[in-house]
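Here's the structure we're looking at; comments come further down.
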Amino acid sequence: MESIRAFVAVDIQDQRILEVVRRVQEELSRYVKAKFVELENFHFTLKFLGEISEEAVDEVHSVMKELDFKPFELELRGVGCFPNMRRVNVIWVGTREGGEVLTSLANELEKKLRRLGFEPEQRPFTPHATIARVKYVQSRDGLISALEKMKDLEIGRMTVDSIKLKKSQLTAKGPIYTTLRSVP
Numbered sequence: 080m081e082s083i084r085a086f087v088a089v090d091i092q093d094q095r096i097l098e099v100v101r102r103v104q105e106e107l108s109r110y111v112k113a114k115f116v117e118l119e120n121f122h123f124t125l126k127f128l129g130e131i132s133e134e135a136v137d138e139v140h141s142v143m144k145e146l147d148f149k150p151f152e153l154e155l156r157g158v159g160c161f162p163n164m165r166r167v168n169v170i171w172v173g174t175r176e177g178g179e180v181l182t183s184l185a186n187e188l189e190k191k192l193r194r195l196g197f198e199p200e201q202r203p204f205t206p207h208a209t210i211a212r213v214k215y216v217q218s219r220d221g222l223i224s225a226l227e228k229m230k231d232l233e234i235g236r237m238t239v240d241s242i243k244l245k246k247s248q249l250t251a252k253g254p255i256y257t258t259l260r261s262v263p
């Protein structure tokens with residue numbers, strides 16, 4: 080029985096947003112060596128599931144369909160990092176308006192998936208979309224200055240009208256994401 084590395088996400092496909100993100104990645108590449116997320120893979124993860132069985136795909140899809148979900152507007156705004164400015168591992172884009180709806184969806188999904196035996200997250204959900212995984216910082220001062228300037232950057236608005244169960248295949252060239260199920 081083959082297992083599938085999977086997660087539940089909101090895809091970001093708005094071309095104007097992706098163009099702003101591309102420019103941000105370009106700017107940040109002056110200060111860090113990083114694995115920048117391919118724009119076609121840009122998303123908000125609501126829940127990382129890890130390795131699941133093929134049967135679990137339908138079970139997770141059923142849970143996704145139970146969510147109290149209506150289309151909503153999401154404003155992408157601000158660039159930041161985890162865990163902090165002294166040790167930058169991940170660079171992300173945050174949310175403003177609509178972020179609380181994303182958080183509520185993620186928390187509801189978390190609760191419902193517990194019934195299927197999924198472990199709860201140890202950290203509270205923070206709505207963010209990863210744009211880079213940092214290998215090392217070439218210019219700490221440059222990076223801190225760039226992130227400071229971008230902390231309130233308006234990236235764009237989009238309508239969230241579906242959530243997706245995605246398969247993640249890790250390859251030498253980077254992950255390949257495939258949508259297994261979608262809930263409008």
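In my numbering, the protein residues as written are 80 to 263.
All C-beta atoms in this analysis are idealised placements derived from N, C-alpha and C, irrespective of residue type, glycine included.
What you are looking at is a predicted structure, and each value in this text was computed from that prediction instead of being measured.
Can you tell me whether Thr-174 is buried or exposed? The criterion is at least 16 other CB atoms within 10 Å of its CB, across all chains shown. Only buried fits Thr-174, as 16 or more other CB atoms lie within 10 angstroms of its CB.
Less than 8 angstroms between the CB atoms is what I'm expecting for Thr-209 and Trp-171, so what's the real figure, rounded? Yes, Thr-209 and Trp-171 are in contact; Cβ-Cβ is about 5 angstroms, under 8 angstroms.
Nearest CA to the CA of Phe-204: which residue from Phe-197, Glu-179 and Tyr-215? Here the closest residue by C-alpha is Glu-179.
Exposure of Tyr-256, with buried meaning 16 or more beta-carbon neighbours within 10 Å: Per the 10 Å Cβ criterion, buried.
What ranges does the beta strand (DSSP E) occupy inside the stretch 189 to 262, keeping only unbroken runs of at least 3 residues that lie completely in it? If you keep only unbroken beta strand (DSSP E) runs of at least 3 residues inside the stretch 189 to 262, you get 208 to 216, 233 to 239, 242 to 248 and 255 to 262.
Integer Cβ distance of Lys-126 from Ala-185, believed to fall under 8 angstroms: About 6 angstroms separates the two Cβ atoms, so the contact holds.
Could you name the residues of the same chain whose beta carbon sits closer than 7 angstroms to that of Ile-223, not counting the 5 residues immediately before and after it, in chain order? By the criterion of a C-beta distance shorter than 7 angstroms, Ile-223 is surrounded in its chain by Met-164, once the five residues flanking it on both sides are discounted.
Have a look at the DSSP bridge pairing and note the partners of Pro-162. Secondary-structure assignment with DSSP links Pro-162 through a beta bridge to Val-167.
Contact between the stretch 132 to 143 and the stretch 100 to 108 (3+ Cβ pairs under 8 angstroms): No, the stretch 132 to 143 does not touch the stretch 100 to 108.
Distance, His-122 Cα to His-154 Cα: The sequence shown places Glu at residue 154, not His. The C-alpha of His-122 is placed about 13 angstroms away from the C-alpha of Glu-154.
In the DSSP assignment, what residue or residues form a beta bridge with Ala-88? DSSP output for Ala-88 lists Thr-124 and Lys-243 as bridge partner(s).
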